[in-house]
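Enquirer: To start, I am sharing the structure in question, which I have written as structure tokens.
Residue numbers (this note's numbering): -18 to 338.
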């Protein structure tokens, strides 16, 4: 068993999440401490400026790496841990570009520099091998979802709502199907930021005070992505232009309500791809805290809808925990992506290993 520290910085740009997992890449012995260190607005703007760009990220990558180094040092100090107690780090990096159909996905972060700076072996670049083998490179968390949900009733759906939404369907026989559902929090976050200066719609209050424009939702759901078979994946800003064009003349409140409805509608559509309807949904990520999203999911999804906390998980920690688990699997040569999760032709390991010395 290794004590692995997982690092995650999602497209919502909240900050660096860190989580400890004791695992051999198959069994999970302990889900340990978790912390999150928020980004300042200046750094968020630096990263936002890089979204959708294929090159010119040198300064951003250096800064992303430095922010993660600082977060690790703070985490170790807060938890009273020495570097020698951590066997491995799983470093996701910061996604700025994702176009798997053209063989390209970019996660900023220098794994070798991180390993050297903190004195702990690092696994990073966990998506590229899958993309180069013809997979979508996302979502990567399904094998972790299956591990932590091994004793739960199936079929089960685990929904993560970060900047983008993704779902893992787990069948009674352990079959996995996973894909990006559509927008998560990114559209409404960007809308609220643009019109109010706030980074997100806290508790979904702005959306709750507006009216949903069903004609906009219906038009949005004609986007070709929703007709594509799973597995499939998205860039964070895939829908931004079409979505903002649809709501551009709405009030701030109605725009937030309608953009939030886009997220819910895409989740509802996702269950059409399941081999069998889920008996239970577990919702993770920041979207579980949005009361407008959660209430709509409870009203319209098949089966019981629970937040991560209702099943004993930390809904903020799941993705950081997943990258700790994936790093352990990568180091052991175990597969991290599968035909049903990314569309790759056979189970595939991935990641780049960087020894500390």
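Idealized CB from N, CA, C, for every residue including glycine.
Using only the alpha-carbon positions, how far apart do residue 337 and residue 97 sit?
Expert: Translated into the one-based positions of the chain shown, residue 337 becomes position 356. Translated into the one-based positions of the chain shown, residue 97 becomes position 116. Note on geometry: alpha-carbon atoms of residue 337 and residue 97 lie some 5 Å from one another.
Enquirer: Could you check how far apart the C-beta atoms of residue 104 and residue 302 are, in whole angstroms? I think they sit under 8 Å.
Expert: For the purposes of this step, residue 104 is identified with residue 123 of the chain shown, where counting begins at 1. For the purposes of this step, residue 302 is identified with residue 321 of the chain shown, where counting begins at 1. The pair is not a contact, with the Cβ atoms about 15 Å apart (cut-off 8 Å).
Enquirer: Who pairs with residue 104 in a beta bridge, going by DSSP?
Expert: Within the chain shown, the letter at position 123 stands for residue 104. DSSP lists 71, 334 as partners of residue 104.
Enquirer: Hey, would you say residue 32 sits closer than 8 Å to residue 77, going by beta carbons?
Expert: Within the chain shown, the letter at position 51 stands for residue 32. Within the chain shown, the letter at position 96 stands for residue 77. In this structure, residue 77 lies closer than 8 Å to residue 32 by Cβ.
Enquirer: Less than 8 Å between C-beta atoms, sequence neighbours within five positions excluded: which residues of the same chain meet that for residue 112?
Expert: Looking up residue 112 in the chain shown gives position 131. Closer than 8 Å at Cβ, skipping near neighbours: 81, 84, 85, 86, 118.
Enquirer: Among 154, 145, 43, -12, which has the Cα closest to the Cα of residue 162?
Expert: Within the chain shown, residue 162 is the residue found at index 181, counting from 1. Cα-wise, what sits closest to residue 162 is 145.
Enquirer: Our contact map puts residue 123 next to residue 322 with C-beta atoms below 8 Å; I'd like the distance itself, whole angstroms only.
Expert: Along the chain shown, read from residue 1 onward, the residue named residue 123 stands at position 142. Along the chain shown, read from residue 1 onward, the residue named residue 322 stands at position 341. At roughly 5 Å, the Cβ-Cβ gap stays under 8 Å, so residue 123 and residue 322 are in contact.
Enquirer: Based on Cα-Cα distance, which residue from 176, 201, 238 lies nearest to residue 186?
Expert: As a working note, residue 186 is residue 205 in the chain shown. The candidate whose alpha carbon is nearest that of residue 186 is 238.
Enquirer: Would you identify the three-state DSSP class for residue 32, choosing helix, strand or coil?
Expert: In the chain shown, the residue the question calls residue 32 occupies position 51. Three-state result, residue 32: coil.
Enquirer: Using three-state DSSP, classify residue 222 as helix, strand or coil.
Expert: Within the chain shown, the letter at position 241 stands for residue 222. Helix, per DSSP.
Enquirer: What's the call for residue 258, buried or exposed, on a 16-neighbour Cβ count within 10 Å?
Expert: Within the chain shown, residue 258 is the residue found at index 277, counting from 1. It is exposed - the Cβ of residue 258 has fewer than 16 other Cβ atoms within 10 Å.
Enquirer: Which same chain residues end up closer than 6 Å to residue 11 when comparing Cβ atoms and leaving out the 5 residues on each side of it in sequence?
Expert: Numbered from its first residue, the chain shown carries residue 11 at position 30. 3, listed in sequence order.
Enquirer: List the residues that DSSP assigns as beta-bridge partners of residue -11.
Expert: Walking along the chain shown from the start, residue -11 turns up at place 8. BP columns for residue -11 point to -2.
Enquirer: Should residue 66 go down as buried or exposed, given a rule of 16 or more other Cβ atoms within 10 Å for buried?
Expert: On the chain shown, position 85 is the one that residue 66 refers to. Answer is exposed; the Cβ neighbour count stays below 16.
Enquirer: Can you tell me the Cα-Cα spacing of residue 73 and residue -6, whole angstroms?
Expert: Numbered from 1 along the chain shown, position 92 holds the residue referred to as residue 73. Numbered from 1 along the chain shown, position 13 holds the residue referred to as residue -6. Answer to the nearest angstrom: the Cα atoms are 13 Å apart.
Enquirer: Output the distance between the C-alpha atoms of residue 306 and residue 252, rounded to the nearest integer angstrom.
Expert: Here the question's residue 306 lines up with position 325 in the chain shown. Here the question's residue 252 lines up with position 271 in the chain shown. Taking the straight line joining both Cα atoms gives about 27 Å.
Enquirer: Once you ignore the five residues that flank residue 192 on each side, which residues in its own chain have a CB closer than 7 Å to its CB?
Expert: Residue numbering aside, residue 192 sits at position 211 when the chain shown is read from its first letter. If you ignore the 5 residues before and after residue 192, its C-beta comes within less than 7 Å of the C-beta of 235, 238, all in its own chain and listed in chain order.
Enquirer: Check this for me: beta carbons of residue 168 and residue 207, under 8 Å apart or not?
Expert: For the purposes of this step, residue 168 is taken as the residue at position 187 of the chain shown. For the purposes of this step, residue 207 is taken as the residue at position 226 of the chain shown. Note that the C-beta distance between residue 168 and residue 207 is not below 8 Å.
Enquirer: Let me know the secondary structure DSSP gives residue 217 once reduced to three states.
Expert: Your numbering for residue 217 matches position 236 in the chain shown. DSSP places residue 217 in coil when its eight states are reduced to three.
Enquirer: Could you tell me which of -17, 91, 141, 230 sits nearest to residue 247, measuring between CA atoms?
Expert: The residue labelled residue 247 in the question sits at position 266 within the chain shown. For the residues -17, 91, 141, 230, the minimum Cα distance to residue 247 belongs to 141.
Enquirer: Roughly how many angstroms lie between the CA atoms of residue 284 and residue -4, to the nearest whole one?
Expert: For the purposes of this step, residue 284 is identified with residue 303 of the chain shown, where counting begins at 1. For the purposes of this step, residue -4 is identified with residue 15 of the chain shown, where counting begins at 1. Each residue's alpha carbon lies about 33 Å from the other.
Enquirer: Alpha carbon to alpha carbon, how far is residue 198 from residue 151?
Expert: In the chain shown, the residue the question calls residue 198 occupies position 217. In the chain shown, the residue the question calls residue 151 occupies position 170. Computed Cα separation, rounded: 29 Å.
Enquirer: Any chance you could list the beta strand (DSSP E) runs of at least 3 consecutive residues sitting entirely within the stretch 256 to 298, in chain order?
Expert: 261 to 265, 285 to 288
Enquirer: Please confirm if residue 175 has its CB atom under 8 Å from at least one CB of chain B.
Expert: Considering every chain present, this structure includes no chain B. It has just one protein chain.
Enquirer: Using a threshold of 8 Å, state whether the C-beta atoms of residue 46 and residue 90 are closer than that.
Expert: Taking the first residue of the chain shown as 1, we reach residue 46 at position 65. Taking the first residue of the chain shown as 1, we reach residue 90 at position 109. Yes, these two residues count as a Cβ contact at 8 Å.
Enquirer: For residue 88, which three-state DSSP category applies?
Expert: Position 107 of the chain shown, counted from the first residue, corresponds to residue 88. Correct three-state label for residue 88: strand.
Enquirer: As a quick exercise: from 210, 205, 326, 188, pick the residue whose alpha carbon is nearest that of residue 339.
Expert: In the structure displayed, the chain extends from -18 to 338; residue 339 sits before or after that span and is not available.
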